[in-house]
């Protein structure tokens, strides 16, 4: 049996899945994608026509799985490891999935919109896009701040899928709108995330590539230090 994750070590969504893999010890082989290469790009589109990453190939089941939460749930079902990332209780599972979705849709997506506008190269449009993203991030940060005032992790007593999603989203979003000072519970939560060995490993593996992040010079000092440790 072979599980292969097609990924890139700089990608925030790939980080989410990598954290889950390192938390559970799932036997996944990593395959670095270079989508700048036309041949690799075509091969990846044959694998998944939307061309997004990461994508998990499960040779035993013959399945090709895109979308980070689907990948993690598939691994959870087949290779749960010592630390399950979804609780057994169906109601508790819904809670985990809710906070997973919040990180993806309301933190990761605004971050990516701001970065994409910078890459496009139109300074005026980038400023407008960033203003929209900052407003969206502040709203999400406020929701997370309230949630985390009396919690260690986002959903339940244990580290979960929701925290796998939050770690990379917050890491990169801090370059668009820093949060540690104005949202102290969120800042303390992010500090706890940075102490997870799985998160540390993902950031360490991203170190050779972090210079390509378009907003690198705006990453808060604690975020940059986490990559360099």
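Numbering (UniProt numbering), first residue to last: 1 to 229.
Glycine included, each C-beta is placed from N, C-alpha and C at the ideal position.
Under 8 Å between C-beta atoms of residue i and residue j
i: residue 130; j: residue 176; result: yes
i: residue 35; j: residue 213; result: no
i: residue 99; j: residue 155; result: yes
i: residue 26; j: residue 105; result: no
i: residue 226; j: residue 186; result: no
i: residue 29; j: residue 3; result: yes
i: residue 54; j: residue 70; result: no
i: residue 133; j: residue 113; result: yes
i: residue 102; j: residue 140; result: yes
Reduced DSSP secondary structure (H/G/I, E/B, other) of residue i
i: residue 122; result: coil
i: residue 5; result: strand
i: residue 57; result: strand
i: residue 208; result: helix
i: residue 79; result: coil
i: residue 196; result: coil
i: residue 30; result: strand
i: residue 176; result: coil
i: residue 65; result: strand
i: residue 37; result: coil
i: residue 213; result: coil
i: residue 145; result: helix
i: residue 101; result: helix
i: residue 229; result: coil
i: residue 138; result: helix
i: residue 150; result: coil
Inter-residue CB distance, residue i and residue j (contact presumed, cutoff 8 Å)
i: residue 50; j: residue 5; result: No, residue 50 and residue 5 are not in contact; Cβ-Cβ is about 17 Å, not under 8 Å.
i: residue 220; j: residue 174; result: 5 Å
i: residue 44; j: residue 58; result: Actually they do not touch by this definition, with Cβ atoms about 16 Å apart.
Span of the alpha helix (DSSP H) around residue i
i: residue 17; result: 12 to 24
i: residue 107; result: Per DSSP, residue 107 belongs to no alpha helix (DSSP H) and is neither H nor E.
Report yes or no: do three or more beta-carbon pairs, one from the stretch 180 to 190 and one from the stretch 69 to 86, lie closer than 8 Å?
With the cut-off at 8 Å, the stretch 180 to 190 and the stretch 69 to 86 do not touch.
Is it a yes or a no for the stretch 12 to 24 touching the stretch 166 to 174, going by three-plus beta-carbon pairs under 8 Å?
yes
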